[in-house]
Amino acid sequence: MVSSIAASPVKWTPRDLKLRGFKVYAVNQPCTTEPRFTRRDCYKVILLTTKARLHYGHQSWELDGTYLLFFNPHIPYAMEMQGDLRHGYISLFTEEFITSLDRSESLLQSPLFKIGSSPLFQLPEAQVPFMNGIFQKMLAEQEADYPFKGELIRTYLQLAIHEALHLQPAETLLQHHTAAARLAARFLETLEQQFPIENPEQTLELKTAQEFADRLAVHVNHLNKAVKEITGKPTSAHLTNRITDEAKALLQHTSWSVADISYCLGFAYPTYFNNFFKKQTGTTPLAYRRAA
Numbered sequence: 001m002v003s004s005i006a007a008s009p010v011k012w013t014p015r016d017l018k019l020r021g022f023k024v025y026a027v028n029q030p031c032t033t034e035p036r037f038t039r040r041d042c043y044k045v046i047l048l049t050t051k052a053r054l055h056y057g058h059q060s061w062e063l064d065g066t067y068l069l070f071f072n073p074h075i076p077y078a079m080e081m082q083g084d085l086r087h088g089y090i091s092l093f094t095e096e097f098i099t100s101l102d103r104s105e106s107l108l109q110s111p112l113f114k115i116g117s118s119p120l121f122q123l124p125e126a127q128v129p130f131m132n133g134i135f136q137k138m139l140a141e142q143e144a145d146y147p148f149k150g151e152l153i154r155t156y157l158q159l160a161i162h163e164a165l166h167l168q169p170a171e172t173l174l175q176h177h178t179a180a181a182r183l184a185a186r187f188l189e190t191l192e193q194q195f196p197i198e199n200p201e202q203t204l205e206l207k208t209a210q211e212f213a214d215r216l217a218v219h220v221n222h223l224n225k226a227v228k229e230i231t232g233k234p235t236s237a238h239l240t241n242r243i244t245d246e247a248k249a250l251l252q253h254t255s256w257s258v259a260d261i262s263y264c265l266g267f268a269y270p271t272y273f274n275n276f277f278k279k280q281t282g283t284t285p286l287a288y289r290r291a292a
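Heads up: the sequence shown begins at 1 in the UniProt record's numbering, then just goes up one per residue.
In structure tokens, the structure reads:
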């Protein structure tokens with residue numbers, strides 16, 4: 001049985017989220033809907049007990065247990081449920097909501113939300129009741145009349161984030177203080193700022209490592225070395241993977257022609273895009289659209 005994690009009997013709209021900057025709801029239901037890649041204009045912190053397969057960008061994980069999940073709004077995801085029930089809580093929030101406590105660092109630079117990081121942490125069984133309590137308090141405060149409930153909810157949300165950081169090795173959390181890590185983070189954030197593509201007239205401004213190096217005012221060799229050192233992948237691989245992910249999303253979720261999509265993604269001719277896409281996925285854009 002399969003489902004998108006976004007499905008829930010509780011309905012919400014982007015307008016609701018923008019008015020308040022935060023929303024949380026409980027999930028405890030059978031899973032009956034089809035999986036789909038979902039992108040929205042908010043971050044998500046999710047506590048979920050489930051057996052499923054998670055697809056996040058171009059990566060996939062098998063889940064069986066209780067997890068904290070951290071979803072970046074720039075990356076599409078889907079979840080194929082392999083059990084009859086799921087249980088947990090989903091919180092959605094804007095960057096403005098969480099950064100209103102005078103936090104200067106972008107969430108995209110956080111060890112939990114930055115591009116290329118793992119979005120999930122399996123919780124030890126002893127820690128599950130504590131995390132359940134945090135989300136239950138957020139849910140209760142959301143419905144309360146307390147005039148400072150926004151500040152209290154932010155505190156609970158940050159507590160959940162710090163609990164996840166406790167599960168990471170200390171050296172992982174300290175990496176972003178190095179010059180190479182800062183440059184790699186700037187590259188990844190600049191890359192993500194070009195996405196998602198929202199209309200056929202929009203096109204990628206930066207498409208090569210040299211163009212990114214020029215924008216970041218560094219030598220291209222220095223950029224390539226820093227990105228490879230921190231992420232384990234060369235700059236070209238990040239560009240290829242991100243363009244491929246965007247191509248898949250546009251083929252699945254728009255009715256734009258292949259020519260329009262190729263133009264948006266910076267290809268001079270549709271045949272160049274067809275060759276690129278087939279090399280990365282093993283299939284043509286039209287065949288991928290039909291299958292999706």
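Ideal Cβ positions, reconstructed from N, Cα and C, are used throughout, including at glycine.
| Asked | Found |
| --- | --- |
| Reference residue 46; option with closest CA among 55, 121, 178 | 121 |
| Residue 262 burial status per 10 Å Cβ neighbour count (16 or more: buried) | buried |
| Proximity below 8 Å, CB of residue 281 to CB of residue 274 | no |
| Residue 118 versus residue 147: straight-line alpha-carbon distance, rounded | 36 Å |
| Where residue 51 sits in the DSSP three-state scheme | strand |
| Buried or exposed (CB count within 10 angstroms, at least 16 for buried), residue 183 | buried |
| Beta-ladder partner(s) of residue 88, from DSSP | 27, 48 |
| Own chain partners of residue 218 with C-beta closer than 7 Å, once the 5 adjacent residues on each side are dropped | 183 |
| Reduced DSSP category for residue 62 - H, G, I as helix; E, B as strand; rest coil | strand |
| Where residue 125 falls, given that 16 or more other Cβ within 10 Å makes a residue buried | exposed |
| Residue 146 - containing alpha helix (DSSP H), residue span | Residue 146 -> no alpha helix (DSSP H), and no H or E assigned at all. |
| Chain-order list of residues whose beta-carbon lies under 6 Å from that of residue 258 (same chain, five-residue window excluded) | 270, 285 |
| Sequence-distant residues of the same chain with beta carbon closer than 7 Å to residue 260, five excluded per side | 200 |
| Status (buried if at least 16 other CB within 10 Å, exposed otherwise) for residue 221 | exposed |
| C-alpha distance - residue 292 paired with residue 252, whole-angstrom precision | 6 Å |
| C-alpha distance - residue 15 paired with residue 205, whole-angstrom precision | Below a pLDDT of 50, predicted positions are generally treated as unreliable, and residue 15, at 46, falls in that range; the measurement from the model is reported next regardless. Taking the straight line from one Cα to the other gives about 30 Å. |
| Limits of the beta strand (DSSP E) - the one that residue 78 falls within | 77 to 81 |
| Residue span of the alpha helix (DSSP H) that contains residue 121, given as start and end | Unbroken run through residue 121 is the beta strand (DSSP E), 120 to 122; no alpha helix (DSSP H). |
| Cβ shell of residue 49 (< 6 Å), same chain only, five flanking positions each side left out | 66, 87, 88 |
| Buried or exposed by the 16-neighbour rule on C-beta atoms within 10 Å, applied to residue 272 | exposed |
| Exposed unless 16 or more other CB atoms sit within 10 angstroms - verdict on residue 178 | exposed |
| Residue 239 and residue 197 closer than 8 Å at C-beta | no |
| Same chain, Cβ closer than 7 Å to residue 287, five either side skipped, listed in chain order | none |
| Which listed residue (193, 156, 75) has its alpha carbon closest to that of residue 132 | 156 |
| C-alpha gap between residue 254 and residue 159, whole angstroms | 38 Å |
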